[in-house]
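For reference, the structure is listed below as structure tokens.
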Amino acid sequence: MLTGKLKGKWFIAGFTLFLVSLLVYVYYTYSSARSEIMHAVDERLLNAATSVKHILGQRYHDRISQGYDIGFSVYQTKSKQLSELAQALDIAYVYSMIMRDNKVYFTSSSYTKDDQENARVTQFLDLYPEATDINRGAFYSTEPVFEQSSDQWGDFKTVFIPFVDKYGTTYITGADITLDDLNKKLQYSVTKAIITACFFFFIAVLVAAIYIYLLKRTLATDASTGFANHIALEYFIKKSNSHHMQLAIIWVNEIEDINSFYGTQVGDNVMKNLLSHYQSRSPQSCKVYRLATNKIAVLTPKSFKSSELSDLVESYNANSPVLTNPFIYITYCAGIASGNKSLLIENAHIATLQAKHGRGKVVSYSKVMSDVKNQYQYNVSLAKEVQEAFDNNRIVPYFQAMFNTTNNEVVHYECLARMVTKNGEILKPDSFLNVVSRSRMGGLLTRTLFSQCIERFRKTDIYWSLNISDKDILDPSLSEYIANELKRYPHPENITLGLLESHAITNFLEVKTFISMVKTKGVNVIITGFGSGYSNISNALKLEVNGIKLDGALVKQAVSDENIALFIEHTVHAAKQLGLTLMAESVENVSIENALKNVDVALMQGNYFAYPAPHVNSSSQEEVAV
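Under the numbering used here, the first residue of the sequence shown is numbered 37, with each subsequent residue one higher.
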């Protein structure tokens, strides 16, 4: 009898739990469905209202501002187009409005079939007497305004988007959707959810109960070693009443190699032995975790001295084998952080990375680590800003002239990358090119600059150059793009492409093929950075380029180093004999200019002659090829 009562109580409790869960699920479904539907509606309204402006065109409201009347045929055509838009987007109405003397008038509007049949089609400058305060307020807003309202046409959700024409008159474009449609969709979603819940929910509850029970037992444990894992660490820190702790993260360097050579089981045994070592030497107040395949964590209270934690980390003797069958030795590094628990794990990871990069066997998080963290955050922020600059056409070319010093005439303009920040600041390449390279946006940079130069100089006789990389050449899509653009460029002989000597040699065959392709189209190719790396003029002959440009670092030493000056002089003579044009960059003062002139260098480029600028002085350029 008692057993039956207990079973009944459990049944009632389970059934009550089921009903409560079902109600919660239905409410959640209702809230989620409503949120999704309203979000989709808002997006649809915004798209519709935005499209009104484009359908009407700029001149439509400009004529209204000038006092011209919109002819009936024009208004009828626009109304028909707006009606087709509303029908295509399943929108009740789309329109535009103007406010005069605090009264709102329609300047355009869509209509429905019912409106036509009942002679309710809105005409040009019809008064909208139902205009609300929100409607009027939209004319003074700088962003879209949403409203739910009722008028003679029904109950609607509406968006108003303000804009100002070139004469300073404010208009709004609007879109309406009937609330009846929204309620029907919401009701359908909830009904469907209830039916589905009634069928599946009970089974889901049982499965979830079993799953949660098993999960609590296994989720916070590393299955391979039996030690607590990163989930257990995070949970313990979060729930702990102590706000200040110490954490050491130990990075075992060889685990990945051990796993690949001996198998993961041996690697797990290595980690288990290390975990046991630290656990056996830790007081009861300390906890040991396996964070990842190659990471161990030791968590201590604040009362545990930092030096004691460091000694504990270094207590393992790396000269002794961690396993004897097979014999395996390991090395490790570690990072230690202390302080507020909210930043403990992040700071310990940063310290560990610094130890991994050779800053010491055990590195403590400090102000230095804080600076490193700030640098990481700056790099992430800069990468985002660079991407936004590409997306918003803020990567622009600057141009620096190459001069023939014998007659002081411009030979060509070299295209150099600049980035315009959101605040209008101009950044030089050394500020963002590292991010471009690490984010693999080099091809995008080359494409952006090349396309802008093509567009800018297409209808001119200006000679210009652009440096490309071996990665650009190895990118089939970019190479194809350059080839196609050269086909349509009227004067490809005015273009010079520069390539670093080291890049050219690294991928010799691919680069040579590319050079042959662009040269057949009339483009000139030069080797840049000559004098660094390989510094072999025979490489230029093998690649069949048109010229070479001396490396800037080499050029700057020509004043103070006689051997450098002699090297440049020999290079000049060799280039003349081989029919190669020779240029020099980074000419920053008259001393460098004179030193280069003494060894018969004529073509020079640098801030001494002209700084990079966003525009070229085409009137000063001689039309001579490099």
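Backbone N, C-alpha and C fix where the C-beta goes; we use that ideal spot for every residue, glycine too.
Endpoints, beta strand (DSSP E) assigned at residue i
{"i": "residue 129", "result": "129 to 136"}
{"i": "residue 206", "result": "206 to 214"}
{"i": "residue 486", "result": "That residue, residue 486, is in no beta strand (DSSP E); its alpha helix (DSSP H) goes 478 to 493."}
{"i": "residue 580", "result": "Note, residue 580: premise wrong, no beta strand (DSSP E); not H, not E."}
{"i": "residue 325", "result": "323 to 328"}
{"i": "residue 600", "result": "Per DSSP, residue 600 belongs to no beta strand (DSSP E); it is in the alpha helix (DSSP H), 598 to 614."}
{"i": "residue 433", "result": "431 to 440"}
{"i": "residue 333", "result": "331 to 337"}
{"i": "residue 401", "result": "First-last for residue 401: undefined, no H or E at that position."}
{"i": "residue 454", "result": "445 to 456"}
{"i": "residue 349", "result": "Per DSSP, residue 349 belongs to no beta strand (DSSP E); it is in the alpha helix (DSSP H), 342 to 349."}
{"i": "residue 565", "result": "560 to 566"}
{"i": "residue 167", "result": "Taken as a continuous stretch (DSSP letters only), residue 167 belongs to no beta strand (DSSP E), as it is neither H nor E."}
{"i": "residue 518", "result": "Looking at the DSSP string, residue 518 is not in any beta strand (DSSP E); the run it does join, the alpha helix (DSSP H), is 512 to 524."}
{"i": "residue 288", "result": "280 to 288"}
{"i": "residue 535", "result": "531 to 536"}
{"i": "residue 376", "result": "368 to 376"}
Buried versus exposed call for residue i [16 or more other C-beta atoms within 10 Å across all chains shown]
{"i": "residue 433", "result": "buried"}
{"i": "residue 537", "result": "buried"}
{"i": "residue 483", "result": "buried"}
{"i": "residue 629", "result": "buried"}
{"i": "residue 476", "result": "exposed"}
{"i": "residue 304", "result": "buried"}
{"i": "residue 38", "result": "Low confidence applies here, because residue 38 scores a pLDDT of 42, under 50, leaving its location unreliable; read the following figure in that light. The residue is exposed, with fewer than 16 neighbouring Cβ atoms inside 10 Å."}
{"i": "residue 139", "result": "exposed"}
{"i": "residue 427", "result": "exposed"}
{"i": "residue 43", "result": "For residue 43, the pLDDT reaches just 44, beneath the cut-off of 50, and the residue's location in the model is therefore unreliable, although a value from the coordinates is still provided. Exposed is the call here."}
{"i": "residue 144", "result": "buried"}
{"i": "residue 231", "result": "exposed"}
{"i": "residue 518", "result": "buried"}
{"i": "residue 612", "result": "exposed"}
{"i": "residue 108", "result": "exposed"}
{"i": "residue 258", "result": "buried"}
{"i": "residue 132", "result": "buried"}
{"i": "residue 540", "result": "buried"}
{"i": "residue 97", "result": "buried"}
{"i": "residue 652", "result": "buried"}
{"i": "residue 102", "result": "exposed"}
{"i": "residue 56", "result": "exposed"}
8 angstroms contact criterion, which residue i and residue j should meet: CB distance rounded
{"i": "residue 342", "j": "residue 400", "result": "7 angstroms"}
{"i": "residue 284", "j": "residue 372", "result": "5 angstroms"}
{"i": "residue 290", "j": "residue 366", "result": "5 angstroms"}
{"i": "residue 173", "j": "residue 194", "result": "Incorrect: roughly 13 angstroms between the Cβ atoms, too far for contact."}
{"i": "residue 564", "j": "residue 503", "result": "6 angstroms"}
{"i": "residue 381", "j": "residue 332", "result": "The pair is not a contact, with the Cβ atoms about 14 angstroms apart (cut-off 8 angstroms)."}
{"i": "residue 370", "j": "residue 349", "result": "5 angstroms"}
{"i": "residue 579", "j": "residue 562", "result": "10 angstroms between Cβ atoms; not a contact."}
{"i": "residue 472", "j": "residue 416", "result": "That pair is no contact at about 15 angstroms."}
{"i": "residue 282", "j": "residue 345", "result": "5 angstroms"}
{"i": "residue 594", "j": "residue 584", "result": "Actually they do not touch by this definition, with Cβ atoms about 15 angstroms apart."}
Opening and closing residue of the alpha helix (DSSP H) in which residue i lies
{"i": "residue 663", "result": "The requested residue 663 is not part of the displayed model; the chain covers only 37 to 662."}
{"i": "residue 309", "result": "300 to 316"}
{"i": "residue 671", "result": "Residue 671 lies beyond the range of the chain shown here (37 to 662); nothing can be said about it."}
{"i": "residue 272", "result": "266 to 275"}
{"i": "residue 5", "result": "One cannot answer for residue 5 here, as it falls past the ends of the chain, which runs 37 to 662."}
{"i": "residue 472", "result": "465 to 474"}
{"i": "residue 631", "result": "626 to 634"}
Best match in the options for proximity to residue i [C-alpha to C-alpha]
{"i": "residue 457", "options": "450, 158, 420, 437", "result": "420"}
{"i": "residue 637", "options": "653, 646, 650, 601", "result": "601"}
{"i": "residue 228", "options": "63, 492, 278", "result": "63"}
{"i": "residue 500", "options": "489, 402, 175", "result": "489"}
{"i": "residue 635", "options": "606, 645, 648, 615", "result": "606"}
{"i": "residue 509", "options": "416, 397, 554, 160", "result": "554"}
{"i": "residue 573", "options": "150, 557, 546, 617", "result": "617"}
{"i": "residue 650", "options": "556, 169, 76, 449", "result": "449"}
{"i": "residue 364", "options": "430, 321, 297", "result": "297"}
{"i": "residue 624", "options": "440, 74, 113, 645", "result": "645"}
{"i": "residue 293", "options": "281, 282, 306", "result": "306"}
{"i": "residue 393", "options": "368, 299, 575", "result": "368"}
{"i": "residue 478", "options": "495, 506, 494, 491", "result": "506"}
{"i": "residue 84", "options": "112, 185, 124, 59", "result": "124"}
{"i": "residue 141", "options": "242, 168, 515, 149", "result": "168"}
{"i": "residue 708", "options": "255, 74, 277", "result": "Nothing about residue 708 can be reported from this structure: the residues present for the chain run from 37 to 662 only."}
{"i": "residue 353", "options": "314, 591, 523, 276", "result": "314"}
CB contact below 8 angstroms: residue i versus chain C
{"i": "residue 471", "result": "The chain labelled as chain C is not found in the depicted structure, where only one protein chain is given."}
Which ranges does the alpha helix (DSSP H) cover as unbroken runs of at least 4 residues, wholly within the segment 60 to 140, from first to last along the chain?
94 to 101, 108 to 125
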